[in-house]
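One structure below.
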Amino acid sequence: MALMRRWRLLCCRVRYPHARFGNACDIRSRFGLRQGPNASVVFGERCVLDNDLTIEVGGRLEVGARTIFGHHCTLAARDSLIIGADCLLAEMVSIRDHDHRFDSLEIPIREQGAVSAPVVIGNNVWLGGKVTVLKGVKIGDNAIVGANAVVTKDIPENAICVGVPARVIRLRASSE
1180 MALMRRWRLL
1190 CCRVRYPHAR
1200 FGNACDIRSR
1210 FGLRQGPNAS
1220 VVFGERCVLD
1230 NDLTIEVGGR
1240 LEVGARTIFG
1250 HHCTLAARDS
1260 LIIGADCLLA
1270 EMVSIRDHDH
1280 RFDSLEIPIR
1290 EQGAVSAPVV
1300 IGNNVWLGGK
1310 VTVLKGVKIG
1320 DNAIVGANAV
1330 VTKDIPENAI
1340 CVGVPARVIR
1350 LRASSE
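Residues 1180 to 1355, numbered by the numbering used here, are exactly what the sequence shown covers, in order.
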C-alpha cells in the first residue's frame, strides 16, 4: 500500500511538473489537474487527495499540510484559492473563485467572461458533503459547514453553519 502511494505521488510529480506536492501526499486514483501557463499549485505535506478530485487552476491554489479531500471534489481557481492546514473536505465539495458574467441578453453567457474574487479557507475547517463555496468568501479557522450548504458570504472563525445560503447557527466553544 505504501509503495503504491509513493508511486502515485511520483507519477503526479512527473505528470504535473509545475505543481508542487508535499512529502507523503496520498493521491488516490483518477486525479485530474488542468493548470494554466502561469498558474501556481502547491499542496502541503501529508495531504490526502481522494478519488476523482478535479482541479482547474489559472491563478493560484495553495493547500496546507494534512488537508484531506473526499472523493469527487472540485476546486476551480481562476484568481486565488487558499485552503489552510488540517482541513477536512467531505465528498463532492465544490469550491470556485469565479462566476460567469450574465449582464447582456444579446451575448451568450459563455462569451461574457467571468468575474473572480479570492477564496480563503482557514485552518482546521470541516466542509461537509456536497458543500459549495462561492467566489470572494473567507471561512475562518475551526469553522464547520454542514452538508449541502452553499457558502455565499464570509463565515467567522469557530462558527457552525448550515443551509442555503449558509448561516451561522452557533459558535464552537473551547474545551479548555
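Glycine included, each C-beta is placed from N, C-alpha and C at the ideal position. None of the values given here were measured: they were computed from a predicted structure.
Original post:
Does the stretch 1234 to 1249 touch the stretch 1281 to 1292, meaning 3 or more C-beta pairs lie closer than 8 Å?
Top reply: no
**OP:** Check whether the Cβ atoms of V1220 and L1240 lie closer than 8 Å to each other.
**Re:** It is a contact, given that the beta carbons lie within the stated cut-off.
Subject >> Cutoff 8 Å; reference N1302; Cβ partners in own chain excluding five residues on either side >> reply: G1243, G1263, A1264, D1265, C1266, D1320 and N1321
Subject >> Environment of V1343 [buried if 16+ CB atoms lie within 10 Å] >> reply: Its Cβ having fewer than 16 others within 10 Å, V1343 is exposed.
Subject >> As assigned by DSSP and simplified to three states, the class of C1340 >> reply: strand
**OP:** Give a yes or no on whether the C-beta atoms belonging to L1306 and L1268 are separated by under 8 Å.
**Re:** yes
**OP:** State the Cα-Cα distance for the pair E1234 and N1327, rounded to the nearest angstrom.
**Re:** Strictly speaking, residue 1234 in this sequence is Ile, with Glu absent from that position. Distance from the CA of I1234 to the CA of N1327, rounded to the nearest whole angstrom, comes to 20 Å.
Original post:
Can you round the beta-carbon distance between V1298 and V1316 to whole angstroms, since I take them to be within the 8 Å contact cut?
Top reply: 5 Å
Subject >> Rounded straight-line distance, which links the Cα of V1294 to that of I1288 >> reply: Cα to Cα, the separation comes out at about 12 Å.
**OP:** Identify, in the order they occur along the chain, each residue of the same chain with its Cβ nearer than 8 Å to the Cβ of R1346, setting aside the five sequence neighbours on each side.
**Re:** Within the same chain, R1346 has close Cβ partners C1340.
Subject >> Sheet register partners of L1189 (DSSP bridge) >> reply: None; L1189 has no bridge partner.
Original post:
Between the C-alpha atoms of E1224 and R1349, what's the straight-line distance to the nearest angstrom?
Top reply: 32 Å
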